[in-house]
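Written below as structure tokens is the structure these notes are about.
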Amino acid sequence: MYLSWCVVVAAALACAAADEASDPEGLLEPVPVPSNDDYSIYVGRWTECNPLGAGEHAARTIERYIRTETDSLVHTPRLGLQRRQVQCRKKDGKFVESMYCGNALAQIGTARVCVIKEDCVLAEWLPWRPRPDGALVRTRRLKRLPQGGGKECDVVEEVRPAALEASAHWTPGPWGPCRVAIEIGHATTLPDAPDNDDDADDNDAIYDDDDDEDDDAEDEGKAARDAGCGGGVQRRDATCVRADGRALHPAQCAHAPMPTLVQPCEVPCPRDCEVGEWGEWGACQPTDGCPLYPVQQLTTTGYSVRRRRVISAASGGGAPCPPLEEKRTCSTPRCASWKALPWGPCVLSQPHTSCGPGKRSRELRCVGHDGKEAQRAWCSGTGAPPRSERCRIACAGDCVVSSWAAWSKCSAPCAAAAHPRPFRTRRRHILAHASPNGWPCPPEDQLIQNETCNTHACATYSWLATPWGPCERRRQDFTPVNNYTELLDGEMYNESDDEEPCIEEGEMVRDVMCVQNNADVVREALCAPLRRPASRRACTVRCRRGCKVEAWMPWSPCPNTCEPGKQVRVRVVVGGPSCGSRMETRACPVSRTCRARDAAWVPGDWSTCRLPPAQRCGEGYRIRSIWCGSESHRVEAGACAGLLIPRSVAACRVTCEHTAPVTCGLICADPLKYLDASDPDIPNCVCKNVSLELLPSDSDCILPPGMECGEGRSLRAARCMVGGRDVPMDVCKKYHPLTGPSRVREASTDGYSYDVEFPSLLRGACSVRCARDCAVGEWGEWGPCASEPGSRAAFRFRTREVIEEGSAGGRECGATLQRATCAVLEPRWALGEWSVCAPPRSLCGRAIINRTVTCVDGSGATLPEAACEAAGAGPAASRDATCRAPCPRDCVVSSWSEWSPCEQTKWGGRRDRTRVVLRPADDGGSPCPHLVGAEPCAPHAYSWHVAPWDDCQPLGGSPCGEGTKKRAVRCLRSDGVFVNDSYCPNTTATEAKESWCYVPCGVDCELSEWGAWDSSACSCGDAHSARHMRRTRQHLTAAVWPGRACPPTEQRAPCPRDPCLRLVARPSLGCHIQTSAGAEAERACGWGVKVSHARCELAGAGDDSTEAFLQPWRCAAVLPGRIVAPPMHYQEDEVCEVECGCKQSESGQPGPWGAWGACRGGARSRTRQLLVPARRACSIPSRYVTIEWANCTGEMDEIPDLLAVEPRDDKPRLASNQDVYHDGYIEGSTSVLAVVWTATIVLSFYGAYMLYRGFIRCLRSRKMKSITKV
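So the sequence shown is residues -18 to -1, 1 to 1252, counted in mature numbering (1 follows the signal peptide of the UniProt record, and there is no 0).
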């Protein structure tokens, strides 16, 4: 029997399948609805969601409120219309007029608004770009977001992690130019590096609108010009490379030590050549040179030369050295001259006598121009000085005459034609007159001697050389400029160079001229004996090879968006491929508004509720546009990959009857329900049951990017609570505003607002003091030279005023007092020579002699006598004194010699002085006094006294860099008196009196940009308020005094206090046939849908979880590199059919939860099932799946802590037509035999039913054919 029933059922199924092919939707033959009434409502399938026509009212309504965006960066969902057939059906299956079914048929509805299904449309990949963490990232252009259940997007963002290589290291580049430190506004700064790109145009400034203009730009430029030399700093860049030289991202060299990127430098200041004093004129040499033999005739004209040496050569573009040799003409040239040695003693003519006439002699040597002794024949033709002369040793009664004094200064430096010949004079005077029998005194004209001097011409001749010109090619190698041009520095060379620079020989030229008196140019023959400086010298110059390169064209404009772009410029290059590139590209600068914040999804305004055409109330949709970027800029949607997408479609309802408006009391009763409401008529309310509790956690002051000081924000963690339960911070943002006209005024939250970067934190105002460098005034004048107390060194000082002290890490003031060594110009008495002792009316006897006594300073300037007395020089010495002129019979002695050095003896120290007898005494005359004088003394030690160094004085206009310092080194006697340097052991002091020094310019600390926030210590639902998220930055350049110190390299902010959320999707049991208003249709069968509902639950809500849930998009999955469309609260899973006469079971029992899946994008999921067995005429059971999501971070041990396990409910749950969520799985408990008999009965009834259905359809088909024929 069982086998026969199977055959019948199979035949019935085959017939039904054949007839189903001709009527796939089953519209012609509805299934009888098991009802006591004679009529029922048959509902057909919904058609595909199609766009509305241009003439329909709903289309005009939507165009009124939403403007269609042609820009692919803005994504707006499209709404359409679905239709279905709704017919009245008789119990026998025939369709009848609608009036038989009454008002129930009209309430079901035949049209509804839908979201047009659109698949994700992707375009090409954008180029790879580096990320701050070193990884490479690229995004894909997104033309259209998925809507209406369309195909999800593939990967729109790819990341290549930065794999650390052991061989990665920093390679420093060349040092840049030295930037000289200048003082602007009395503060030491460094001028900005100049922009070497001369082709930059206005396109480069499209993003510089936020830059402030420097009011002191003109003063800064002038100061920079004035301080063109001195100390400064120079910079260089470093590139991260691997072993083979390929460049890497800087983050891959984080483990390698960073080379020095900033160092002090020096721009040489122009120093003029310094020369010493002219030496003595040399001997008069023949113009044609000395002959080979002394007997040859010499020329009648000659020349003499004098020279001077270079003390300091010119450097840094300073003035070159003046002529170091000068020539003048002379009339008596000689190749050698006599040099007389000192006179010997006077040898008396009469032996065995002690006085009287005699002779003294001296030796003569023939000395050449080089100072060496020559043959006497070279000096034979010249007038030799006398070898001997008469002398006389005075006898008693003879006249005594003093020695000749030194020659006076020559009356003129040279012999001019219209002036008398220059001369000089020397004198001697009578010390004692002779007795009548003695040797008489010489006459007056023999007491004075005159001779000519400086008989040479006044004109001097020397070579004068101009500075060197540029290096130029030689004439024979010259190439016309119109065919070739030089390559710029940094460009490639021509192929003929074989990858080596082509260098050819050139020369530099300067003018050399003969000048008279260092002023007038004369013929070169007058300078002929002198060495002529070179007028040409060799140099190297870059080759000219077959290349013609024109100037660069202007850069192409950049797009005024946040999209990455490039600028291009081209030029004309004629020649080989190595003549240079023809095109250059560079990345466009990114707008500061794009860099100020990260890209995020930004929603627009909601539209009005969209209803089907000719329908004034019921269910509809609202839509809004979304884009990636910010409020003012839009970027590619790939930049928002991995971020939560706000919903752009929301269901709405327009009530058919007048209902009371939603009040704030109703909203505040359940604020979570209205948190994401899209109805614009819902008022903005401030709910008292929504509270905001500040947590006691601190935060550093966070400044905007690119700023190190100024106004910033401090973050504060807070708990948003509704009825004592933690809820998302968005609830407080909407119902507990801290800003605006309706803000909540609380003392604890006064001054706080909701942060933009971290939505779950509050922000308060804070400030970081800007580092201010010390500001000082100009240096004052040098003070007077004075000795310091307790020191033998003399100094002078100058100061400058501190206008503002350095603060907040700014540069320190440095020296405000400078000291320089000087010589104490103490007033002293200058004593003149005594006059000759000569009685006015006799030849001997007492007389009065006088001298000049003048008060002078250290430079010899005359001062008032009171100045010497006030300075401690003592009273003025006597200007007059008495003397006794020796009479003819008296003894005459010479003046005292200088004191001998103090010698230590066993009786103490002693020093002596002596004098000699010039004339012995005669009978009756005064005897000779003692000839040796002695006095006790203290032996003195002599040593070099080295004073401290002066303060370093920088060269040029820079306040730092290389400079000079000086100190005094003098010979000091043991009694504290400075004496002549000759008394010290060494004639010249070994200690330097001048030295180079260096004043540090200072290097400011430089840091990298802030890294990303590390929130690994944070978790949802964390009750610990002391946890923080941190971010760091690296040191790029260490500070060098007196540069600015490094600011903090780590910042922290409190972790957000967010409740844990979980996404739960549960189906509603049964196949639902709904009206267009969303209600369940009564007395309807046919095609319906299986419906599931999703919601975002608070994990810690407890058993009453139905009261604590949010819109499901807040729990949407976030996958790295992907764009996932947010789930909707109401989702039609699949089309189903309501079998007439079938009624599902009303109970089910939940089964166990499955295992948690892998953590993807910060979320995990698990499922469990519920099987509803078939009853009555239903053919198959229904199986439903419950899905639950929860947050995760990828750690293995987090599920027990973060996710609450829902307890298993073993009791069956009733199924109803309302939105009751069922879960679980029913396991069968009957025996196998009962199951077999049940299945046999069900199959029997089903086979009979299908046989009957097929027979009826066949009859109707024939009837319809006959009607067609008619």
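We put the beta carbon where it would ideally sit given N, CA and C, even for glycine.
Determine the closest residue to residue i out of the options, with distance taken between C-alpha atoms.
i: Ala797; options: Ala805, Thr781, Thr269; result: Thr781
i: Gly827; options: Val25, Ala853, Glu847, Cys869; result: Cys869
i: Cys873; options: His415, Ala1061, Ile98; result: His415
i: Ser385; options: Glu1119, Ile375, Gly379; result: Ile375
i: Gly907; options: Ser22, Pro324, Ala378; result: Ala378
i: Cys634; options: Tyr656, Glu613, Asp493; result: Tyr656
i: Phe405; options: Ile430, Leu413, Pro424, Pro425; result: Ile430
i: Ser319; options: Val349, Glu1064, Leu306, Ser1050; result: Val349
i: Asp708; options: Ser393, Cys1002, Gly213; result: Cys1002
For a test of the three-state rule: what should DSSP assign to residue i, helix, strand or coil?
i: Cys702; result: strand
i: Gly814; result: coil
i: Ile90; result: helix
i: Met535; result: coil
i: Ser384; result: coil
i: Arg568; result: strand
i: Pro1094; result: helix
i: Lys716; result: helix
i: Gln64; result: strand
i: Thr43; result: Legend: pLDDT at Thr43 = 46, less than 50; position of this residue unreliable, value from coordinates given subsequently. The answer is helix: DSSP assigns Thr43 an H, G or I state.
i: Gly212; result: strand
i: Ser681; result: coil
i: Gln431; result: strand
i: Ile293; result: strand
i: Cys964; result: It should be noted that the sequence gives Ser, not Cys, for residue 964. Helix.
i: Ser936; result: Going by the sequence as given, residue 936 is Pro instead of Ser. In the structure shown, Pro936 sits in a strand (DSSP, three-state: E or B).
i: Tyr82; result: helix
i: Glu426; result: helix
i: Asp196; result: Here Asp196 scores only 45 on pLDDT, less than 50, and its place in the model is too uncertain to base an answer on.
i: Arg793; result: coil
i: Met711; result: helix
i: Ile1232; result: Here residue 1232 turns out to be Met, not Ile, going by the sequence shown. Looking at Met1232 - three-state DSSP - the assignment turns out to be helix.
Along the chain, where does the alpha helix (DSSP H) containing residue i start, and where does it finish?
i: Ile1105; result: It is not in any alpha helix (DSSP H) - Ile1105 carries neither H nor E in the DSSP assignment.
i: Leu648; result: 646 to 651
i: residue 1308; result: Past the edges of the chain, shown from -18 to 1252, lies residue 1308, and the structure says nothing about it.
i: Glu1032; result: Glu1032 -> not in any alpha helix (DSSP H); beta strand (DSSP E) instead, spanning 1032 to 1036.
i: Glu847; result: 847 to 852
For residue i, count neighbouring Cβ atoms within 10 angstroms of its own Cβ and tell me buried if that reaches 16, exposed if not.
i: Lys73; result: exposed
i: Asp1205; result: Confidence is the limiting factor: at Asp1205 the pLDDT is only 36, short of 50, which leaves the residue's position unreliable, though a coordinate-based value still follows. Its Cβ being crowded by 16 or more others within 10 Å, Asp1205 is buried.
i: Phe1091; result: buried
i: Ser679; result: buried
i: residue 1254; result: Past the boundaries of the shown model lies residue 1254; the chain is included only from -18 to 1252, so the question cannot be answered.
i: Trp28; result: buried
i: Leu274; result: exposed
i: Phe1237; result: exposed
i: Val1046; result: buried
i: Gly451; result: exposed
i: Lys76; result: exposed
Provide the residue span of the beta strand (DSSP E) that contains residue i, from first to last.
i: Glu1114; result: 1112 to 1120
i: Lys106; result: One detail in the question is off: residue 106 reads as Glu in this sequence, not Lys. Looking at the DSSP string, the run of the beta strand (DSSP E) that includes Glu106 is 103 to 107.
i: residue 1256; result: Residue 1256 is absent from the model: the chain starts at -18 and stops at 1252.
So does the region 143 to 161 actually touch the region 636 to 644, counting three or more Cβ pairs closer than 8 Å? no
Using a Cβ distance threshold of 8 Å, determine whether the region 681 to 698 contacts the region 1059 to 1070, with at least three qualifying pairs required. no
Contact between the region 710 to 721 and the region 665 to 673: three or more CB pairs below 8 Å? yes
Please determine if the region 742 to 756 and the region 777 to 794 are in contact, where contact requires at least 3 C-beta pairs separated by less than 8 Å. The region 742 to 756 is in contact with the region 777 to 794.
Three or more C-beta pairs below 8 Å linking the region 438 to 446 and the region 921 to 930: no
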